[in-house]
Each structure stands twice: as C-alpha cells, then as structure tokens.
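In this note's numbering, the protein residues as written are 3 to 211. Beta carbons are placed, not taken as given, at the ideal position from N, Cα and C, and that holds for glycine. The structure presented is a predicted model; accordingly, all values stated were derived computationally and were not measured. Read through the structure below, which is laid out as structure tokens, and then see the notes.
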Ligand code: CO
C-alpha cells in the first residue's frame with residue numbers, strides 16, 4: 003500500500019460510514035462506552051475490531067509484541083486501570099495468536115548462551131529484553147512441552163503465554179480491587195488462528211490459573 007493512498011482511502015471509508023449512518027461520527031465523538039478491553043499482539047494480521055466484527059467504540063485496545071502483561075509496564079497497567087476504573091469494562095480479553103513471531107523468537111533464543119547471554123551483554127536490544135518475559139514461561143512448563151513435536155510445542159507456548167498473561171492481569175491491584183468491590187469483571191484467555199481467522203476460547207477460569 004502506497005502511503006499516498008491512505009488519505010484517499012480514509013475519505014472513502016468516512017463517506018461510506020456516513021452513507022450507512024449520517025450520525026455515525028457525531029454520536030461516536032461524544033463518548034465511548036466500550037465493554038471490552040482487548041490485550042493483544044501488535045502483529046499486523048491480528049486486527050482487533052475486524053476479527054470480532056465490531057464497529058468503532060466497542061473495544062478499548064492495548065497491543066504489544068506477544069501480548070505480554072508485564073507488571074513493570076506502566077503502559078499496559080495504565081490501559082487496564084483506565085478500562086477498569088473509568089470505562090468500567092466488564093470483560094478483559096487477553097488474546098494471543100498461533101504463529102506469533104514474538105513467541106517464536108523467545109523459543110529460538112531459549113538455548114544456552116541465547117537471549118539471556120545477549121541481555122547480560124546488553125546486545126539483545128529492546129525486543130530481546132521484552133521477550134525475556136516469555137522465556138520463563140517456557141522454562142517453568144518444560145514438563146508440559148517436552149513430549150511435543152516442534153509445531154505442537156510452538157502452539158502450546160502461544161497458549162501458555164496467554165494463560166500466564168491472564169494470571170498477571172488477575173494479579174494486578176486494579177483487578178483485585180475491582181473484584182473486592184464486586185465489580186462485574188471477567189478475564190478471558192483467547193487465541194486467534196491466523197490460518198482460518200477463528201478465535202478460540204482457552205476457557206481459562208479461576209481453577210486454571
Ligand atoms: Co504475535
């Protein structure tokens with residue numbers, strides 16, 4: 003896509019929305035009442051609203067490489083805080099995806115002298131440091147992964163990463179406080195399949211985490 007076409011496409015899109023509903027932008031610009039916070043991967047193929055077939059205004063979005071919820075990441079925590087305390091969303095969805103490049107990079111670097119050595123020598127860069135969040139997940143779950151073939155292992159780490167991030171969301175003081183106040187708030191772990199465009203509920207509940 004040539005960048006010069008983007009403004010042209012944008013005008014076309016805005017006009018199409020007005021043709022369908024003349025009040026589309028005026029009603030949207032007044033307020034937002036999303037009921038969902040989506041925490042997903044930055045991957046360009048995982049387009050939040052599109053894959054849920056939701057119009058603008060329905061989902062508050064935080065995305066980063068490999069949908070990681072790090073308890074040291076003010077960006078992610080601020081998004082959760084705003085969604086829970088101000089927007090009062092009733093659902094937080096952590097959505098990973100099979101074929102996640104971030105997960106693959108973490109798996110590939112989980113070898114002796116891999117990313118840990120690179121981080122120690124300050125050579126891993128920001129991405130390498132960020133993905134170190136996933137390396138611990140691989141280490142802690144080695145018993146679940148050892149008998150799987152390469153593809154199954156890759157898929158499983160993508161799923162385990164979602165599970166771990168759901169735990170992190172649940173552990174935040176933001177969510178804990180909301181639950182103490184009996185807020186109607188549920189955390190979900192989903193995974194998206196790039197192959198067929200289908201979302202899967204990993205059915206993570208309090209017993210799983
Ligand atoms: Co990804």
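Which residues in the same chain have their Cβ closer than 8 Å to the Cβ of residue i, if we skip the five residues on either side of it in sequence?
| i | result |
| --- | --- |
| residue 20 | 26 and 27 |
| residue 181 | 187 |
CB-CB under 6 Å to residue i, same chain, minus the five flanking residues each way: which ones, in chain order?
| i | result |
| --- | --- |
| residue 173 | none |
For the ligand CO, any of its heavy atoms closer than 7 Å to the Cβ of residue i?
| i | result |
| --- | --- |
| residue 45 | yes |
| residue 180 | no |
| residue 202 | no |
| residue 78 | no |
| residue 185 | no |
| residue 170 | no |
| residue 191 | no |
| residue 64 | no |
| residue 199 | no |
| residue 127 | no |
| residue 97 | no |
Identify every residue that forms a DSSP beta bridge with residue i.
| i | result |
| --- | --- |
| residue 62 | 39 |
| residue 99 | 194 |
| residue 201 | 194 |
| residue 188 | 93 |
If we count the other Cβ atoms within 10 Å of its Cβ and call it buried at 16 or more, is residue i buried or exposed?
| i | result |
| --- | --- |
| residue 45 | buried |
| residue 35 | exposed |
| residue 159 | buried |
| residue 128 | exposed |
| residue 167 | buried |
| residue 33 | exposed |
| residue 88 | exposed |
| residue 108 | buried |
Since residue i and residue j should fall inside the 8 Å C-beta cutoff, what is the C-beta to C-beta distance between them, to a whole number of angstroms?
| i | j | result |
| --- | --- | --- |
| residue 43 | residue 67 | 7 Å |
| residue 54 | residue 61 | 7 Å |
| residue 189 | residue 94 | 5 Å |
Leaving out five residues before and five after residue i in sequence, what residues of the same chain have Cβ atoms less than 7 Å from its Cβ?
| i | result |
| --- | --- |
| residue 72 | 78 and 135 |
| residue 155 | 147 |
| residue 196 | 47, 99, 100 and 101 |
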